[in-house]
Amino acid sequence: MEKSDQGRADWSQEEEIPESFQLMKSITNFALTNFLPIALLSGVALGLADPTLGCIAHKHSLTQFATSGIFFISGLKLQDREIGAATQAWPLGLYGLASILLISPFLSKLILPCQLAPQEFVTGLAIFTCMPTTLSSGVALTQLAGGNSTLALVLTVMSNLLGTAAVPFWVSKFFADGFGVSIPTEKLFWSLMYTLLAPLVLGKVARYSFRGLATYADQNKRVLTMISTVLLSLTPWMQVSKSRELLLMVKPLVFLKAIGLGIVVHLFFLGFNAVALKIFSAASGSRMASLVNKKNARALMIVCSQKALLIVVAVVEQLNGALGEPGLLVLPCVVAHITQIIIDSLVVNFWLQKDRAYKKIKTA
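Have a look at this one:
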């Protein structure tokens, strides 16, 4: 009888092991499938819980190292045909620059009438819409989405360089007429060279020089993508850690309204660029319409909808408090910057799941 009971116990344990294994497998699959939003939200949560490490990392410019790492990985993965595709898509590049530097700043005219105390939140967010695209997250997210990362890189570099002239013009026109607003052009230029282009070229040279490394990069794209995601998540972690004290001083309701306004602005940019690409594809000839393919469209939607936090901080410093307390002007921009990355990570995750579902149907 005891042997029979022992046998039943052993049998039940054997049944439990596969169930627990199946649960772990499901959790692992969920984490891998949603790795991007999980990593970004974890960075935000860690910064709110304990800002110490994030502040130390920010103090030692870990953001620059993380950005360089993202672009080095981009260089490792960059294939010659992608460079050719970016060259052929020059009309889309012109649209992208127009969207970033000429069209999106006019949204500030719709934001400024909004009433929110402190009013610096509204002014800061309006200034944010006049900025060029982000230095790192746009390209990184384009790469993760399987978009044309070379086109995204070109738009990033060109919009930031041209932004040294465009941003002071828009800020003077819409906010600070008569104030001399300038951006450290030379400093920004060399920052772009060292942080973006040099690592990208180094990665591409390494790919050419070591064929084994190129093969490894092609065969382990998912691993490299996950490393890029971790590097990308360092930005919201450090920004939240740095701004945590100021964030906690703001009334929760006011803070939620500022977040909501930032979300609406970013969703507007995404929607506008999506519709513009549809119109561009329908109105153009067959050759031009073929340029608005999935890779190029994803690159444009992401890069043209994001705004750079680094540049807005430099602009606010140049204003010397003319439009309000600098910390309160920058705070909604920090929140909007983090929010746009999280929203776009969810969009990218949706695209990737859609691609996987399509592949399953195709191979079935």
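Residue numbers for the sequence shown follow the UniProt record's numbering, beginning at 1 and rising by one.
Positions of the beta carbon are idealized from the N, C-alpha and C atoms, including for glycine.
| request: Could I get the ranges of all uninterrupted alpha helix (DSSP H) runs contained in the segment 153-233, with 4 residues as the minimum, in chain order? | output: 185-192, 198-209, 211-219
| Is the distance from the Cβ of Leu331 to the Cβ of Leu270 below 7 Å? | Counting from 1 along the sequence shown, the entry for residue 331 is found at position 331. Counting from 1 along the sequence shown, the entry for residue 270 is found at position 270. Contact: no.
| said: For Ala357 and Val167, what's the separation of their Cα atoms in angstroms? | reply: Here residue 357 is taken as the residue at index 357 of the sequence shown, counted from 1. Here residue 167 is taken as the residue at index 167 of the sequence shown, counted from 1. If you take the alpha carbons of Ala357 and Val167, they lie about 42 Å apart.
| query | Where do the ends of the alpha helix (DSSP H) carrying Asn349 lie? | reply | Here residue 349 corresponds to residue number 349 of the sequence shown, with the count starting at 1. Here the alpha helix (DSSP H) through Asn349 covers 326-363.
| query | Quick one: any contact between the segment 63-82 and the segment 254-274, if contact means 3 or more CB pairs under 8 Å? | reply | no
| query | Cβ atoms of Ala299 and Ala152: under 7 Å apart, would you say? | reply | Position 152 of the sequence shown, counted from the first residue, corresponds to residue 152. Position 299 of the sequence shown, counted from the first residue, corresponds to residue 299. The answer is yes: Cβ separation under 7 Å.
| Three-pair Cβ contact test at 8 Å for the segment 252-260 versus the segment 50-70 | no
| As assigned by DSSP and simplified to three states, the class of Ser243 | Numbered from its first residue, the sequence shown carries residue 243 at position 243. If DSSP states are grouped into helix, strand and coil, Ser243 belongs with the helices.
| request: For the segment 275-282 and the segment 125-132, state whether three or more C-beta atom pairs, one from each stretch, are separated by less than 8 Å. | output: no
| task | Identify every run of the alpha helix (DSSP H) within the segment 256-283, keeping only runs that are complete inside it and at least 4 residues long; order them along the chain. | result | none
| task | Less than 8 Å between the CB atoms is what I'm expecting for Phe72 and Gly203, so what's the real figure, rounded? | result | Numbered from its first residue, the sequence shown carries residue 72 at position 72. Numbered from its first residue, the sequence shown carries residue 203 at position 203. Going by Cβ atoms, the distance from Phe72 to Gly203 rounds to 4 Å, so yes, they are a contact pair.
| Under 7 Å, do Leu40 and Ser345 count as touching if we go by C-beta distance? | Here residue 40 refers to the residue found at position 40 when the sequence shown is read from its first residue. Here residue 345 refers to the residue found at position 345 when the sequence shown is read from its first residue. Yes, the Cβ-Cβ distance between Leu40 and Ser345 is below 7 Å.
| So which of Glu82, Trp170, Gly212, Ile343 has the shortest CA-CA distance to Pro132? | Within the sequence shown, numbered from 1, the residue matching residue 132 stands at position 132. Checked all of Glu82, Trp170, Gly212, Ile343; the closest Cα to Pro132 is Trp170.
| query | The alpha helix (DSSP H) with Leu78 in it runs from where to where? | reply | Counting from 1 along the sequence shown, the entry for residue 78 is found at position 78. Per DSSP, Leu78 belongs to no alpha helix (DSSP H) and is neither H nor E.
| query | Nearest to Tyr194 by CA position, among Gly43, Ile70, Leu328, Leu352, is which residue? | reply | In the sequence shown, residue 194 corresponds to position 194, counting from 1. Closest option to Tyr194, Cα to Cα, is Ile70.
| request: Can you grab the Cα-Cα spacing for the pair Leu329 / Gly47, in whole Å? | output: As a first step, residue 329 must be located in the sequence shown, where it is residue number 329. As a first step, residue 47 must be located in the sequence shown, where it is residue number 47. Rounded to the nearest angstrom, the two C-alpha atoms are 21 Å apart.
| said: I believe Val303 touches Thr156 by the beta-carbon criterion, under 8 Å. Please report the beta-carbon distance rounded to the nearest angstrom. | reply: In the sequence shown, residue 303 corresponds to position 303, counting from 1. In the sequence shown, residue 156 corresponds to position 156, counting from 1. About 6 Å separates the two Cβ atoms, so the contact holds.
| Is Cys130 helix, strand or coil by DSSP? | Here residue 130 refers to the residue found at position 130 of the sequence shown. In the structure shown, Cys130 sits in coil (DSSP, three-state: anything other than H, G, I, E or B).
| said: Let me confirm a value: Gly138 is counted as buried when at least 16 other C-beta atoms fall within 10 Å, else exposed. Which label applies? | reply: Along the sequence shown, read from residue 1 onward, the residue named residue 138 stands at position 138. With 16 or more other Cβ atoms within 10 Å, it is buried.
| What first and last residue would you give for the alpha helix (DSSP H) that runs through Leu112? | The count along the sequence shown starts at 1 and reaches residue 112 at position 112. From DSSP, Leu112 is part of no alpha helix (DSSP H); its letter is neither H nor E.
| said: Between which two residues does the alpha helix (DSSP H) holding residue 369 run? | reply: Residue 369 lies beyond the stretch modelled for the chain, which goes from 1 to 364, so this question has no answer here.
| query | What is the residue span of the alpha helix (DSSP H) that Lys59 lies within? | reply | To locate residue 59, count along the sequence shown from 1; it is residue 59. Segment 52-59, the alpha helix (DSSP H) holding Lys59.
| said: Taking only three categories from DSSP, how would you classify Leu316? | reply: Taking the first residue of the sequence shown as position 1, residue 316 is located at position 316. Per the sequence shown, residue 316 should be read as Val rather than Leu. Val316: helix per DSSP, three-state reduction.
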